[in-house]
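If you count by this note's numbering, then the sequence shown holds residues 1268 to 1382, one letter each, in order.
From the three backbone atoms N, C-alpha and C, an ideal C-beta is built for every residue, glycine too.
These numbers were taken from a predicted model, which means no experiment stands behind them.
Have a look at the structure below before the remarks.
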Amino acid sequence: MEKSVQKLITLTPKAAEKVKEFMKQEGRDDLYLRVYVAGGGCAGLSYGMGFEEKASEDDIVLEEHGVKMLIDSYSSNYLKGSEIDYVESLMGAGFKINNPNVVRTCACGHSFSTE
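What follows is the structure, given as C-alpha cells:
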C-alpha cells in the first residue's frame, strides 16, 4: 500500500540529476531511491541511501524532479523537513542531507542525534 506525505523530504534538482545519473549507470530508470535512518555512529543515528525495485507496505512514497523516493515509517520521524542536496567541493563530492531536526552531530559529520 503506497502512502503519500507532502514535503516530508525534498530533493534538490542537482541531487535528482545525480540520482538519475546513477540509475542510468545501473541500466535502470524504474528504481526507487530509499532514504533511511539507522542506529549507529558516534552520535547515535546515521543516514543511508540506496536503490530498490519496489516499495514495502510501510513505506511512504514521494516523487520529486522525476525521482521516486521511499521512506520507511521509522525514518520518517527523523527526516521531516529535510532536504537532500548534492554538493561538489575541493574536498570531494556527495549527497548532503540538511536536516532541521538535528541537535548534535559527531566530529566526523557522519552521524547525528535529535531531541
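(1) CB-CB under 7 Å to Lys1363, same chain, minus the five flanking residues each way: which ones, in chain order?
(2) Using the beta-carbon count (16 or more within 10 Å), is Lys1285 buried or exposed?
(3) Assuming Ser1349 and Ile1276 make a contact with CB atoms under 8 Å, what is their CB distance in whole Å?
(4) Leaving aside the five residues before and after Arg1301 along the sequence, list all residues of the same chain whose C-beta is less than 6 Å from its C-beta, in chain order.
(5) Taking C-beta to C-beta, are Leu1278 and Glu1331 nearer than 8 Å?
(6) Is the separation between the beta-carbon of Ala1305 and that of Gly1315 shorter than 8 Å?
(7) Can you find the residues in the same chain that come closer than 7 Å, C-beta to C-beta, to Asn1365, ignoring five residues on each side of it along the sequence?
(8) To the nearest angstrom, report how far apart Asp1296 and Gly1311 are at their CA atoms.
According to the structure shown:
(1) Within the sequence shown, the letter at position 96 stands for residue 1363. For Lys1363, same chain residues with a beta-carbon under 7 Å away, outside a window of 5 residues either side, are Asp1352 and Val1354 in chain order.
(2) Reading the sequence shown from its first residue, position 18 is the one you call residue 1285. When all chains shown are included, Lys1285 counts as buried.
(3) As a first step, residue 1349 must be located in the sequence shown, where it is residue number 82. As a first step, residue 1276 must be located in the sequence shown, where it is residue number 9. With a contact defined as Cβ atoms closer than 8 Å, Ser1349 and Ile1276 qualify at about 5 Å.
(4) Working through the sequence shown from its first residue, we reach residue 1301 at position 34. If we look at Arg1301 and ignore the five residues flanking it on each side, its Cβ neighbours are Gly1317, Glu1319 and Leu1337.
(5) One-based indexing of the sequence shown puts residue 1278 at position 11. One-based indexing of the sequence shown puts residue 1331 at position 64. Their beta carbons are under 8 Å apart, which means Leu1278 touches Glu1331 by this criterion.
(6) On the sequence shown, residue 1305 is found 38 positions in, with the first residue counted as 1. On the sequence shown, residue 1315 is found 48 positions in, with the first residue counted as 1. Annotated as proximal: Ala1305 and Gly1315, with beta-carbon spacing under 8 Å.
(7) Taking the first residue of the sequence shown as 1, we reach residue 1365 at position 98. The answer, listed in chain order, is Ser1349, Glu1350 and Asp1352.
(8) The residue given as residue 1296 occupies position 29 in the sequence shown. The residue given as residue 1311 occupies position 44 in the sequence shown. Spanning the two alpha carbons is a distance of roughly 34 Å.
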